[in-house]
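This report concerns only the one structure given below.
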Amino acid sequence: MIIETERLILRPFQEGDEADLYEYLREPAVNCFANMKLNSPDEAQAGIKERIEKAECCFAVTLKTTGKVIGEIEAFPESSEPDGGKDSPCDTFSPCWMLNAEYQGKGYAYEAACAFFDYLFRQKGARRIYAYTEDNNLRSQHLCEKLGMRREGLFIEYVSFIKNPDGTPHYENTIQYAILKKEWLAHTASA
């Protein structure tokens with residue numbers, strides 16, 4: 030699957046994307062991606078293989094003009110029913126997006142996320158999309174709001190991605206945003 034926007038192409042990762050992946054994951058911009066940090070080009074090679082296996086819902090965000098991978102966006106279906114049995118619908122998605130720091134602030138994240146949300150709602154059967162962001166990640170919060178997502182809650186000391194200098198977990202406050210398909214359709218119709 031390939032998704033095209035005005036300036037971007039969202040496509041599955043492929044061999045040859047290692048250098049671009051390593052460029053933005055050798056020093057992840059926010060703590061929630063600390064566990065994705067790549068320490069070498071060899072780790073980037075392994076990272077590409079992992080992403081290729083998840084091709085249906087994991088996309089490289091590439092510049093249309095050059096083909097350079099400037100980030101990624103992914104989401105996988107989750108059951109919306111408490112028991113999550115094999116017959117329960119998997120109509121809920123929680124996307125994860127990240128962009129190379131050199132390409133932030135240019136509208137690429139919004140352009141990619143908007144196209145990706147449209148794909149999830151219109152082609153993957155999404156009923157609900159929710160996203161988590163740290164309370165100090167103002168760019169991600171702004172992106173969620175620009176996408177028409179509503180703030181659903183603030184979780185105090187919700188999760189730890191990194192350690193404090195003394196080795197104890199550094200717990201972060203997390204904000205949850207969400208949007209329903211009917212809200213997305215209304216949001217995009219008015220845009």
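Heads up: the sequence shown begins at 30 in the working numbering, then just goes up one per residue.
For every residue, glycine included, the Cβ atom is placed at its ideal position computed from N, Cα and C.
Cβ neighbours of residue 162 within its own chain (closer than 6 Å, five residues either side excluded): 169, 170 and 204. Contact annotation: residue 47 and residue 77 have beta-carbon atoms nearer than 7 Å.
Per the C-alpha coordinates, the member of 196, 197, 193 and 174 positioned closest to residue 216 is 174.
Residue 49 is classed as buried because its beta carbon has at least 16 other beta carbons within 10 Å across all chains shown.
Taking 7 Å as the cut-off, the Cβ atoms of residue 42 and residue 89 count as close. Residue burial annotation: residue 193 is exposed, with fewer than 16 other C-beta atoms found within 10 angstroms of its C-beta.
Residue 115 and residue 107 have their C-alpha atoms roughly 11 Å apart. Secondary structure at residue 77: helix, using DSSP grouped into helix, strand and coil. The bridge partners DSSP lists for residue 207 are 159 and 179. In the DSSP assignment, the residues bridged to residue 32 are 39.
For residue 92, the secondary structure class from DSSP, reduced to helix, strand or coil, is strand. With 16 or more other CB atoms across the displayed protein chains lying within 10 angstroms of its CB, residue 141 is buried. The Cβ atoms of residue 93 and residue 37 lie closer than 7 Å to each other. Between residue 130 and residue 67, the alpha-carbon positions lie close to 15 Å from each other. The residues 210 and 213, in chain order, have a CB closer than 7 Å to that of residue 150 in the same chain once the five nearest residues on each side in sequence are set aside. Scanning 91, 172, 51 and 218 for the CA closest to the CA of residue 73 turns up 51.
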